[in-house]
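Using this note's numbering, you'd call the opening residue of the first sequence number 1157 and step up by one each time.
Ideal Cβ positions, reconstructed from N, Cα and C, are used throughout, including at glycine.
Owing to the predicted nature of the structure, the values given are computational and were not obtained by experimental measurement.
Please read the structure below before turning to the comments.
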Amino acid sequence: MGITIKIPKEFSFKAGYRFLDRSDKECLHRVNEGKVYKLLLIDGELLLIQIEDSGDALTVNCINKKVNNAQTKAIKSYVIEWWDLDYYLKPFYRFCKKDKMLKKLSDDHHGLRMIGFPDLLECLVWAIIGQQINLNFAYIIKRRFVEKYGISIVHQGQSYFHFPDAESVSQLTVEALKELKFSRQKANYTLNVANAILHEGLNKNALKEMGYAEAKATLKNIKGVGDWTADYALMKCIRYPNAIPLGDVGLHNALKAQLKLEAKPSKVVLKQLAEKWAIHSGYVCFYLWSSLLNNN
DNA sequence: AGCCAGGTGTACA
DNA sequence: TGTACACATGGC
1157 MGITIKIPKE FSFKAGYRFL DRSDKECLHR VNEGKVYKLL LIDGELLLIQ
1207 IEDSGDALTV NCINKKVNNA QTKAIKSYVI EWWDLDYYLK PFYRFCKKDK
1257 MLKKLSDDHH GLRMIGFPDL LECLVWAIIG QQINLNFAYI IKRRFVEKYG
1307 ISIVHQGQSY FHFPDAESVS QLTVEALKEL KFSRQKANYT LNVANAILHE
1357 GLNKNALKEM GYAEAKATLK NIKGVGDWTA DYALMKCIRY PNAIPLGDVG
1407 LHNALKAQLK LEAKPSKVVL KQLAEKWAIH SGYVCFYLWS SLLNNN
């Protein structure tokens, strides 16, 4: 039994699983023995889903409740969006064949889909937390934040958390966030994002419809969202295929390693690369990030 | 000890 | 437009 999701042609569950398994400090999903667990909030109900590979399909089960048809449909759309299953990857792979580094990356991670953020607030807050600090520390702060202000269930002795919504986040204070070791700036940025969503009509659909340039300008209008954060969200949540956080340190490190550069690539070089990658920039970036993982 | 981490806003010239 | 600086903490 369970929900069956047909998988696209270029797809590797293992590659996605490996990406999700990149940190044992992650608190918004769990991976264990080949299965992925995530707590969803659908129409006010907390649904714990379990995703597994069943060869020619993905099998998704809701393991804490019986779900109706509408919920089944919502779960299905969530997983498809989260794992970018509707994206047609073949053009990206065709593009990669022409370039030595991209050829290697696309071979190494064949079938890897860009695991994204269906939730805009979660994406932006995570990006803000991650600004200019090491990832481990970012995960620790996120965990404190989610455990304190998120919602959760316990299932078979395990806690599962869901990110808080814009309304609850907007009611927090800078001081409360500082206790979790947010910097004063980041605490303000976080509140700014929640307020933009709550009071200024910021949402995924609007950002999707206005086109890349306007969407980026709209995001950057929020104090605390700069080039990097805006492009991160446009890439991982709104999914503009050309969006790429060019200033990203991880991206620089990955390029340095892949291209065997003496130093990190310059701004000029980065811009040239992104122009060359064009609409494939997001996937190139995601594959480069994946090349940094050491959890094989 | 000091610099760098999945950056950004602000303060100056 | 461009550059210096603070920011929280942890790892090396």
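If I measure Cβ to Cβ from residue i and keep anything under 7 Å in the same chain, skipping five residues before and after, which residues do I get?
{"i": "A1430", "result": "I1400, L1402, S1437"}
{"i": "I1378", "result": "N1348, V1349, A1352"}
{"i": "S1168", "result": "H1266, G1267, L1268"}
{"i": "I1297", "result": "I1285, L1336, K1337, F1338"}
{"i": "I1181", "result": "With the sequence shown as reference, residue 1181 is identified as Lys, and Ile is not the correct amino acid for it. The answer, listed in chain order, is N1292, Y1295, I1296, R1299."}
{"i": "K1162", "result": "A1213"}
{"i": "I1309", "result": "L1195, L1202, L1204, N1220, Y1316"}
May I ask you to report which of helix, strand or coil DSSP gives residue i?
{"i": "H1311", "result": "strand"}
{"i": "E1189", "result": "coil"}
{"i": "N1224", "result": "coil"}
{"i": "V1381", "result": "coil"}
{"i": "K1420", "result": "coil"}
{"i": "D1199", "result": "coil"}
{"i": "A1386", "result": "helix"}
{"i": "C1218", "result": "strand"}
{"i": "T1346", "result": "helix"}
{"i": "Q1428", "result": "helix"}
I'd like to know whether the C-beta atoms of residue i and residue j end up nearer to each other than 8 Å.
{"i": "A1272", "j": "C1393", "result": "The question names Ala, but residue 1272 in the sequence shown is Gly. Their beta carbons are under 8 Å apart, which means G1272 touches C1393 by this criterion."}
{"i": "Y1368", "j": "L1333", "result": "no"}
{"i": "S1447", "j": "L1261", "result": "yes"}
{"i": "L1197", "j": "C1218", "result": "no"}
{"i": "P1164", "j": "L1258", "result": "no"}
{"i": "K1246", "j": "E1166", "result": "yes"}
{"i": "W1239", "j": "G1190", "result": "no"}
{"i": "R1178", "j": "L1407", "result": "no"}
{"i": "F1319", "j": "E1365", "result": "no"}
{"i": "G1380", "j": "Q1341", "result": "yes"}
{"i": "A1410", "j": "L1444", "result": "yes"}
{"i": "C1183", "j": "E1356", "result": "no"}
{"i": "N1451", "j": "R1174", "result": "yes"}
Grab me the residues of residue i's own chain with a C-beta within less than 8 Å of its C-beta, minus the 5 sequence neighbours each way, in chain order.
{"i": "R1186", "result": "V1192, Y1193, K1194, Q1314, Y1316"}
{"i": "E1201", "result": "K1221, Q1227"}
Kindly give me the distance between the Cβ atoms of residue i and residue j, rounded to whole angstroms, as I take these residues to be in contact under 8 Å.
{"i": "V1281", "j": "T1374", "result": "About 17 Å separates the two Cβ atoms, so there is no contact after all."}
{"i": "A1343", "j": "V1330", "result": "4 Å"}
{"i": "L1276", "j": "N1359", "result": "7 Å"}
{"i": "P1274", "j": "E1237", "result": "5 Å"}
Once the 5 residues before and after residue i are set aside, which same chain residues still bring their CB inside 6 Å of it?
{"i": "K1412", "result": "K1420"}
{"i": "E1208", "result": "K1191, T1215"}
{"i": "P1397", "result": "I1435, G1438"}
{"i": "D1255", "result": "none"}
Touch test, the segment 1229 to 1248 against the segment 1409 to 1426, Cβ-Cβ under 8 Å, three pairs minimum: The segment 1229 to 1248 vs the segment 1409 to 1426: no contact.
Q. Looking at C-beta atoms only, is the number of pairs between the segment 1379 to 1396 and the segment 1273 to 1288 that lie closer than 8 Å three or more?
A. Under the 8 Å Cβ criterion, the segment 1379 to 1396 counts as touching the segment 1273 to 1288, having at least three qualifying pairs.
message: Does the structure place the segment 1246 to 1259 close enough to the segment 1433 to 1452 that three or more beta carbon pairs sit under 8 Å?
response: At 8 Å Cβ cutoff, the stretches touch.
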